[in-house]
């Protein structure tokens, strides 16, 4: 860090027109050189999807007076690779958000494009931070100036800290979820992710021609105390959640896992050994 | 299990027309009642994306003589919720695949629709299995009858075992990756997922009108011995990989993680406390 200007990629999954992207840019613009590249349309629930089957474009849009904003037809994860190609092979940090809607619980995290962008960065060894707010609409964020300014200060502080200290060992990314309002009384809690947040439901409907269709939606489950969902939705506090991308069972339980699966492997090998030679 | 007919959901992310789906169905059709519902078009790299912003349809297609095949405009994750609504609220197991292309390494797993479907099932408490094959094209699978028949037998054996024993504690899903060819000599190895598999690259190209565009592609990295990538690509063996969806740092290191993040939290709280009341 010392003596150099950090290169910061600012992105999101709600698209370039989201006020959350503007808020995130404002929070980090004085820290270093900030590049803004985001999807042209909302890519919510795109997860870590990468676009391999079609050409991607990057277009400059005249959106804000103080910085060039770039948009792409790709996903948040595509953005990381495009930014490395287009702006710099040496990004110091990737910040993603501020998402309209919190990204709490594993269920939501695994499908979140906001977190996906931070995760892709982490896979490339670039510190990744994801920021999300428990608001239903962008206007709620824009109209509440106190919350807007407080979120901005908090993001700035966290980015500076991570640029100095890195992501703590044992985690790959840090996800920060803000409650509906952030005031000087708002508390900050380090909280693990709950497993699920929504009971996903299916609404069965009929179109004007009488044909059946389906619409998915979720209803909140009772959150486990101490979890990210609880901190944000019940305590109205800020949840700081370190996340690991390592989906392997913990090293300490690996040999137990192998023992449990061995009988299955033996059955499969026996099946194969009995297979006829062709 | 005893005395009841297991309800099996068969899905994939390559779409209903993939021979891999047919292979998977053939492998499990005699085990119980198999429902086949899959995306109408390939949804590769869709991860755990859920479609909340548009209506979903389910259409029956006359594709195979021995079973009704249903297709949807949704993602593999949507399929789980649609199947519960449409077929049965009590699915005993969800099998996803056989994907054209292996799903090895965390990098690929996190964006895989094949694994996404199994993961969504697991979040709902339904055992989820993902099957993938290291082939470039579906025809390679269809034309190699020995491999086809062996994969079928192996899947059948694994599904029967999981119906009897469940997914081992500490894992949420099991992902199985087959090498290019599966013969009676092929070995089966329990292998953890590597972190990355591809160095993602960006090709910069120009269209006939001279406008720049980008195409993402990946080149294989040298795989770590013992990892799923190594087992499938170097040893040409079958990799059985138990995966956990818990992205929280291991419980044993949580307090250390909290200690590391506390200084950051203190800085943020100090920043907030100094904020002006509005």
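Residue numbers (the numbering used here), protein chains in the order written: chain A, 1 to 278; chain B, 1001 to 1278. Virtual Cβ for every residue (Gly too), placed ideally from N, Cα, C. Nothing here was measured: the structure is a model prediction, and the numbers come from that model.
Worksheet entry | Residue ranges of each alpha helix (DSSP H) within the segment 1129 to 1160 of chain B, 4 or longer | 1138 to 1143
Discussion item. If distances are taken between C-alpha atoms only, which option among A:124, A:93, A:199 and A:108 comes closest to residue 1107 (chain B)?
Written reply: A:124
Item to complete: Say whether the segment 1150 to 1166 of chain B touches the segment 1194 to 1208 of chain B, bearing in mind that this needs 3 or more beta-carbon pairs closer than 8 Å, one atom from each stretch.
Response: no
Worksheet item: By the criterion of Cβ-Cβ separation under 8 Å, what are the contact partners of residue 1150 (chain B) in chain A?
Response: 272 and 275
Worksheet entry | residue 1132 (chain B) at chain A interface by Cβ criterion, 9 Å | no
Discussion item. Quick check: what's the CA-CA separation for residue 260 (chain A) versus residue 1145 (chain B)?
Written reply: 31 Å
Discussion item. Residue 235 (chain A) and residue 192 (chain A) - do their beta-carbons sit closer together than 9 Å?
Written reply: no
Discussion item. Contact defined as beta carbons within less than 8 Å: I believe residue 5 (chain A) pairs with residue 76 (chain A). What is the distance between those atoms, to the nearest angstrom?
Written reply: Not quite, the Cβ-Cβ distance comes to about 25 Å (not below 8 Å), so this is no contact.
Worksheet item: What's the gap between the Cα of residue 101 (chain A) and the Cα of residue 1030 (chain B)?
Response: 44 Å
Practice prompt. Check residue 218 (chain A) in the structure and name its three-state DSSP category.
Written response: strand
Worksheet item: Taking any Cβ of chain B, which residues in the segment 165 to 184 of chain A have a Cβ under 7 Å from it, in chain order?
Response: 168, 170, 171 and 184
Fill in: Positions along the segment 1104 to 1136 of chain B whose CB lies within less than 7 Å of some CB in chain A
1106, 1107, 1109, 1110, 1111, 1119 and 1123
Worksheet item: How far does the alpha helix (DSSP H) with residue 1051 (chain B) in it reach, from first residue to last?
Response: Looking at the DSSP string, residue 1051 (chain B) is not in any alpha helix (DSSP H), and its letter there is neither H nor E.
Worksheet entry | For residue 1247 (chain B), the first and last residue of its enclosing beta strand (DSSP E) | Counting along the chain, residue 1247 (chain B) falls outside any beta strand (DSSP E), and DSSP gives it neither H nor E.
Worksheet item: Can you find a CB in chain B that lies within less than 9 Å of the CB of residue 200 (chain A)?
Response: yes
Worksheet item: Curious, which full-length beta strand (DSSP E) runs of at least 3 residues does the segment 1053 to 1087 of chain B contain?
Response: 1058 to 1064 and 1067 to 1072
Worksheet item: Around the Cβ of residue 1001 (chain B), are there at least 16 other Cβ atoms within 10 angstroms (buried) or fewer (exposed)?
Response: With a pLDDT of only 48 at residue 1001 (chain B), under 50, the local geometry of the prediction cannot be trusted, and no value is derived from it.
Worksheet entry | residue 1 (chain A) at chain B interface by Cβ criterion, 9 Å | With a pLDDT of only 48 at residue 1 (chain A), under the threshold of 50, the placement of this residue in the model should not be trusted, and no figure is reported.
Item to complete: Pull out every residue of the segment 1074 to 1108 of chain B whose Cβ sits closer than 9 Å to any Cβ of chain A, in chain order.
Response: 1074, 1075, 1077, 1078, 1080, 1081, 1082, 1084, 1085, 1086, 1106 and 1107
Worksheet item: To which residues of the same chain is residue 182 (chain A) closer than 8 Å at the C-beta, ignoring the five residues directly before and after it?
Response: 146, 147, 150, 151, 154 and 238
Worksheet item: residue 1193 (chain B) versus chain A: which residues are under 9 Å apart at the beta carbon?
Response: 246, 247 and 248
Practice prompt. Please go through the segment 83 to 115 of chain A and give each complete alpha helix (DSSP H) segment of 4 or more residues, from N-terminal end onward.
Written response: 106 to 109
Worksheet item: Are the C-beta of residue 60 (chain A) and some C-beta of chain B separated by less than 9 Å?
Response: no
Worksheet item: Which residue's Cα is closest to the Cα of residue 1218 (chain B): A:254, A:34 and A:51?
Response: A:51
Practice prompt. Go ahead and pull the three-state DSSP assignment for residue 17 (chain A).
Written response: coil
Discussion item. If contact is defined by three or more beta carbon pairs under 8 Å, each pair taking one atom from either stretch, is the segment 1242 to 1254 of chain B in contact with the segment 1212 to 1231 of chain B?
Written reply: no
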